[in-house]
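Okay, so here's the structure we're looking at.
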Amino acid sequence: MAARSEKDTSPIPAHVAVIMDGNGRWAKQKGGLRIFGHQSAITAVRETVEAAAEAGVRFLTLYAFSTENWARPAHEVTALMQLLVHTIRQETPTLLKNSIRLQAIGQTESLPVSCQRELAEAMELTQAGSRMTLVLALSYSGRWDLTQASRRMATEVAAGRLQPDQITEQTMAGFLSTAGIPDPELLIRTSGEQRISNFLLWQLAYTELYITNLLWPDFRREHFQEALQAYQQRERRFGKTSEQLTVS
Ligand code: IPE
Ligand code: IPE
Ligand code: MG
8 MAARSEKDTS PIPAHVAVIM DGNGRWAKQK GGLRIFGHQS AITAVRETVE
58 AAAEAGVRFL TLYAFSTENW ARPAHEVTAL MQLLVHTIRQ ETPTLLKNSI
108 RLQAIGQTES LPVSCQRELA EAMELTQAGS RMTLVLALSY SGRWDLTQAS
158 RRMATEVAAG RLQPDQITEQ TMAGFLSTAG IPDPELLIRT SGEQRISNFL
208 LWQLAYTELY ITNLLWPDFR REHFQEALQA YQQRERRFGK TSEQLTVS
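Add 7 to the 1-based position in the sequence shown for our numbering, that's all there is to it.
Shown next as structure tokens:
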């Protein structure tokens, strides 16, 4: 979707995106292996999903595995994929019970077949979920998304179904993997890192950033609520002046 206008500034964001970071450091602090950190992050995921749904958030996007994460040691990648399969299987009944729909963005065809199968099954089972959509970003990167959108748009142009001068921001948004999902109003990143790490590059154009030093496995319901409260204190100006916002 296109950039949101100030009229959309509702107290509860419709879309919250999260960069779940710091599992490895959390494990290291405890003298454990990195995978122990990943395993210990499931509670944070569960509490965040619940807190978001309870707050009335409509879309929650979790950055679970980036394109760049494929470059990690093979044993860590394998363990992460196994954890993904296990977690989806374990959590699907709760998603169903809470009317939460599961969706995935990213180059999911590059995931192990077992992951793709589990994901497809969970997405199908939860497709009627109307309370909130949980979007998992898997093998995702913002540059991949912009590239695949450009490639598909170029194909439409070459076939004569799309005229170059008809391409607008809305057209672009419609070709991205997030088509139909509003841009996030709030981005939460844990572990104190102050970067986007190739997440939703287009979609984050006017997103409010909230960075906490907490490591992801320690993130709980109340921390999500703190992030929402911080968001509510922000003045979203979208390029205008503060005075202009109070006039209309
Ligand atoms: C986030 O934690 C999980 C993934 C990227 C899959 P990290 O594994 O990046 O943990 P740190 O940043 O090394 O502490
Ligand atoms: C970002 O975390 C990706 C996910 C949380 C899935 P990273 O730990 O991979 O990010 P960088 O490499 O430190 O920027
Ligand atoms: Mg990290």
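Heads up, the beta-carbon is just placed ideally off N, CA and C, and yes, glycines get one too.
Is residue 87 a contact residue of ligand 1, with contact defined as CB to any heavy atom under 8 Å? Of the heavy atoms belonging to ligand 1, at least one sits nearer than 8 Å to the Cβ of residue 87.
Residue environment, residue 215, which counts as buried when at least 16 other CB atoms sit within 10 Å: buried
Straight-line Cα distance separating residue 21 from residue 212: Roughly 16 Å between the two C-alpha positions.
According to DSSP, simplified to helix, strand and coil, what is residue 233? helix
Here's a check: name, in chain order, each residue in its chain whose Cβ is nearer than 8 Å to the Cβ of residue 103, leaving out the five neighbours to either side. Around residue 103: 132, 133 and 136.
Span of the alpha helix (DSSP H), counted from its first residue to its last, around residue 110: Residue 110 -> not in any alpha helix (DSSP H); beta strand (DSSP E) instead, spanning 107-112.
Taking the alpha-carbon of residue 93 as reference, which of 41, 156, 125 and 110 has the nearest alpha-carbon? 125
What residue ranges within the stretch 98-177 form continuous alpha helix (DSSP H) runs of no fewer than 4 residues, ordered along the chain? 120-132 and 149-165
Assigned exposure category for residue 55 - 16 Cβ within 10 Å defines buried: buried
Whole-angstrom C-beta distance between residue 224 and residue 47, which should lie under 8 Å: 4 Å
Quick check on DSSP: helix, strand or coil for residue 238? helix
When you compare the CB positions of residue 188 and residue 254, do they come within less than 9 Å of one another, or not? Contact flag unset, no.
Whole angstroms is fine: what's the gap from residue 19's alpha carbon to residue 251's? 22 Å
Does DSSP put residue 26 in a helix, a strand or coil? In the three-state reduction of the DSSP assignment, residue 26 falls in the strand class, which pools E and B.
Count the other CB atoms within 10 Å of the CB of residue 168; is the residue buried (16 or more) or exposed (fewer)? Classification of residue 168: exposed, given that the 10 Å Cβ count is below 16.
Just list the residues that DSSP pairs residue 65 with in beta bridges. The partner list for residue 65 (beta bridge, DSSP) is empty, contrary to what the question assumes.
Can you tell me which of 113, 140, 38 and 157 puts its alpha carbon nearest to the alpha carbon of residue 263? Coverage of the chain is limited to positions 8 through 255, which leaves residue 263 absent and any answer about it impossible.
Do the stretch 171-183 and the stretch 227-241 meet, that is, are 3 or more Cβ pairs less than 8 Å apart? Taking a cut-off of 8 Å on C-beta distances, the stretch 171-183 does not touch the stretch 227-241, as fewer than three cross pairs fall below it.
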